[in-house]
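Its first residue numbered 56, the sequence shown is counted upward by one per residue in our numbering. Note that the Cβ used here is the ideal one computed from N, Cα and C, for glycine as well. Heads up, the thing below is written out as structure tokens.
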Amino acid sequence: MSFPFRHVLVTGGAGFIGSHLVERLLRDGCRVEVLDDLSTGSAGNLETVESHEGFRLTVASVLDEQAVAVAVDRADAVFHLAAAVGVRLIVENPVRTIETNVTGTETVLRHAGKKGKPVLVASTSEVYGKQNNVPFGEEDDVVLGASRRPRWAYACSKLMDEFLALAHFRENKLPVIVARLFNTVGPRQTGTYGMVIPRFVSQALRGEPLTVYGDGSQTRTFCHVADAVEALAGLMSTADAYGRVFNVGGDGEVSILEVARQVIAAAQSSSTIEFVPFEKAYNEEFEDMQRRVPCLRKIENAIGYRPRHDLRKVIEDVIAWERDRA
Ligand code: UDP
56 MSFPFRHVLV
66 TGGAGFIGSH
76 LVERLLRDGC
86 RVEVLDDLST
96 GSAGNLETVE
106 SHEGFRLTVA
116 SVLDEQAVAV
126 AVDRADAVFH
136 LAAAVGVRLI
146 VENPVRTIET
156 NVTGTETVLR
166 HAGKKGKPVL
176 VASTSEVYGK
186 QNNVPFGEED
196 DVVLGASRRP
206 RWAYACSKLM
216 DEFLALAHFR
226 ENKLPVIVAR
236 LFNTVGPRQT
246 GTYGMVIPRF
256 VSQALRGEPL
266 TVYGDGSQTR
276 TFCHVADAVE
286 ALAGLMSTAD
296 AYGRVFNVGG
306 DGEVSILEVA
316 RQVIAAAQSS
326 STIEFVPFEK
336 AYNEEFEDMQ
346 RRVPCLRKIE
356 NAIGYRPRHD
366 LRKVIEDVIA
376 WERDRA
């Protein structure tokens, strides 16, 4: 699908998902500006595009009013991906998580609102919280834990972003889309912030034990980043998507123990599996989600989206990237 906007701003474009989206948009002939403070993202993620004539990197935070105002002004449409990300970071830096996610989104929406620029806000499957009624549908209730547990600050901050985006749509007719991303994985994702597949892959390649938290019976549904960015671009191209919330994910629910086994097999590794209690892994009274599966009917009806890559391909691509990097 060709993309209808010529000049696009991607906040958080130096991050893992952002950098893949930037490549995708440049391939389509867009001019792309990235606004990123390089906190969890890195300039290295943009190596493949840095010399492209349609590309510009502005190193600044989404909390920087002036930088956001200038970048939003230059753009025809905004993908707002900048956020504090990863369960480990959230547990360790709750103040930064809340400020970046709430104030950053508020700033981007306010400036986009002045000129009526379309904004896609990247949200997360975390907002479904600990409900176990899979698959999760966009209209389902969310079930969050007590506020003394930092983990829920992330879901809550992202929910606030969703409410604010939808409020701009209702009150100011600002074209907004909310995309709830489910466990997106692929090359360039780092295990530093806790993400399971890059962690398992680097452990397997080093021959170290794979650290399965809890008993590994918890499940997730992983989505290849190439599918995720196709979905984001498709949503932004579809006027019918404005003012609505969409799940973006893969299919095939899998237990974390099974993921560990598949990574060991695919990497032909001699690694063993080590079970680590949650309290030890996260240093707090931690609540993990037992199951997480997206219902993809809504996005399929809206833009014909279907994930094209399975877990085997995700693992293969992450292994190839890690080997390449080493
Ligand atoms: N996990 C694990 N070992 C690790 C990192 C994560 O067993 O080294 C588990 C984690 O407890 C969760 C799942 O893998 O059940 C996915 O974790 P991730 O942080 O990638 O994403 P989440 O779904 O928690 O946002």
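* Backbone CA spacing between Arg-82 and His-75 [nearest angstrom] -> Residue mapping note: residue 82 aligns to position 27 of the sequence shown, counting from 1. Residue mapping note: residue 75 aligns to position 20 of the sequence shown, counting from 1. Cα to Cα, the separation comes out at about 11 Å.
* Asked: Which stretch, first to last residue, makes up the alpha helix (DSSP H) that contains Phe-341?
  -> Taking the sequence shown and counting its residues from 1, one reaches residue 341 at position 286. Per DSSP, Phe-341 belongs to no alpha helix (DSSP H) and is neither H nor E.
* To do: Indicate whether the contact test is met: 3 or more Cβ pairs, each with one atom in the region 142 to 161 and one in the region 126 to 134, closer than 8 Å.
  => no
* So is Glu-78 buried or exposed if we call it buried at 16+ other beta carbons inside 10 Å? -> Looking up residue 78 in the sequence shown gives position 23. By the 10 Å Cβ count, Glu-78 comes out buried.
* Element boundaries [beta strand (DSSP E), containing Arg-204] -> Position 149 of the sequence shown, counted from the start, is the residue given in the question as residue 204. Segment: none, Arg-204 is in no beta strand (DSSP E) and carries neither H nor E.
* **Candidates Ala-201, Val-233, Lys-228 and Leu-229, of which the one nearest Lys-213 by Cα** => Position 158 of the sequence shown, counting from 1, holds the residue named residue 213. Nearest option by C-alpha distance: Val-233.
* Would you call the region 230 to 249 and the region 304 to 324 touching, i.e. three or more CB-CB distances under 8 Å? -> yes
* Is any heavy atom in the ligand UDP found nearer than 8 Å to the beta carbon of Ile-319? -> Translated into positions along the sequence shown, residue 319 becomes position 264. No.
* To do: Spatial neighbours of Thr-327 within its chain, please: CB distance less than 6 Å, with the 5 preceding and 5 following residues excluded, ordered by chain position.
  => Here residue 327 is taken as the residue at index 272 of the sequence shown, counted from 1. Excluding residues within five positions, the ones whose Cβ falls inside 6 Å are Pro-264.
* In the DSSP assignment, what are the bridge partners of Cys-278? -> Along the sequence shown, one-based indexing puts residue 278 at 223. Paired residue(s): Thr-239.
* Under three-state DSSP, which class holds Asp-306? -> Sequence index remark: in the sequence shown, residue 306 carries index 251 (1-based). Coil, per DSSP.
* **Assigned secondary structure, Phe-71 (DSSP; H/G/I helix, E/B strand, else coil)** => Taking the sequence shown and counting its residues from 1, one reaches residue 71 at position 16. In this structure, Phe-71 counts as helix in the three-state DSSP scheme.
* Asked: Beta-carbon separation of Ser-272 and Ile-358 under 9 Å?
  -> As a first step, residue 272 must be located in the sequence shown, where it is residue number 217. As a first step, residue 358 must be located in the sequence shown, where it is residue number 303. No, Cβ-Cβ distance for Ser-272 and Ile-358 is not below 9 Å.
* Asked: For the 8 Å Cβ check, are there 3 or more pairs between the region 317 to 337 and the region 255 to 262?
  -> yes
* In terms of residues, what are the limits of the beta strand (DSSP E) holding Ala-177? -> In the sequence shown, the residue the question calls residue 177 occupies position 122. Where Ala-177 is concerned, the enclosing beta strand (DSSP E) stretches over 174 to 179.
* Asked: Does the beta-carbon of Arg-225 have 16 or more other beta-carbons within 10 angstroms, so that it is buried, or is it exposed?
  -> The residue labelled residue 225 in the question sits at position 170 within the sequence shown. Exposed: under 16 other Cβ atoms inside 10 Å.
* Asked: Do three or more CB pairs link the region 269 to 283 to the region 197 to 215 at distances below 8 Å?
  -> no
* To do: Consult DSSP for Tyr-360 and reduce its assignment to one of helix, strand or coil.
  => Looking up residue 360 in the sequence shown gives position 305. Looking at Tyr-360 - three-state DSSP - the assignment turns out to be coil, as it is neither helix nor strand.
* Please name the residue or residues paired with Tyr-268 in a DSSP beta bridge. => Looking up residue 268 in the sequence shown gives position 213. Beta-bridge pairing links Tyr-268 to Val-331.
* Counting Cβ pairs closer than 8 Å, one from the region 118 to 127 and one from the region 156 to 168, do we hit at least three? -> yes
* Rounded separation between Val-256 and Phe-301 - CA only -> Position 201 of the sequence shown, counted from the first residue, corresponds to residue 256. Position 246 of the sequence shown, counted from the first residue, corresponds to residue 301. Looking at the two C-alpha atoms, the distance is approximately 30 Å.
* To do: Please state whether DSSP places Phe-134 in a helix, a strand or coil.
  => Against the sequence shown, residue 134 aligns to sequence position 79. Strand.
* To do: Starting from Thr-113, trace the beta strand (DSSP E) both ways and give me its first and last residue.
  => Taking the sequence shown and counting its residues from 1, the one referred to as residue 113 is at position 58. 110 to 114 is the span of the beta strand (DSSP E), which, as asked, contains Thr-113.
* Keeping to the same chain, check which residues put their C-beta closer than 7 Å to that of Val-114; ignore five residues upstream and five downstream. => Here residue 114 refers to the residue found at position 59 of the sequence shown. So the qualifying residues of the chain are Asp-91, Asp-92 and Leu-93.
* For Val-63, which residues of its own chain have a beta-carbon under 8 Å away from its beta-carbon, when the five flanking residues on both sides are left out? -> As a first step, residue 63 must be located in the sequence shown, where it is residue number 8. The answer, listed in chain order, is Leu-80, Cys-85, Arg-86, Val-87, Glu-88, Ala-130, Asp-131, Ala-132, Val-133 and Phe-134.
* Please indicate yes or no: does the CB of Asp-306 lie closer than 8 Å to some heavy atom of the ligand UDP? => Position 251 of the sequence shown, counted from the first residue, corresponds to residue 306. Incorrect: Asp-306 has no Cβ contact closer than 8 Å to the ligand UDP.
* How close, in whole Å, do the beta carbons of Gly-70 and Leu-136 come, if the pair is a contact with beta carbons under 8 Å? -> Start at 1 with the first residue of the sequence shown, and residue 70 comes out as number 15. Start at 1 with the first residue of the sequence shown, and residue 136 comes out as number 81. So it is a contact: roughly 6 Å between Cβ atoms.
* Asked: Taking just the CA atoms, how far does Leu-144 sit from Phe-330?
  -> As a position in the sequence shown, residue 330 is number 275, starting the count at 1. As a position in the sequence shown, residue 144 is number 89, starting the count at 1. Using only the alpha carbons, I get a separation of about 22 Å.
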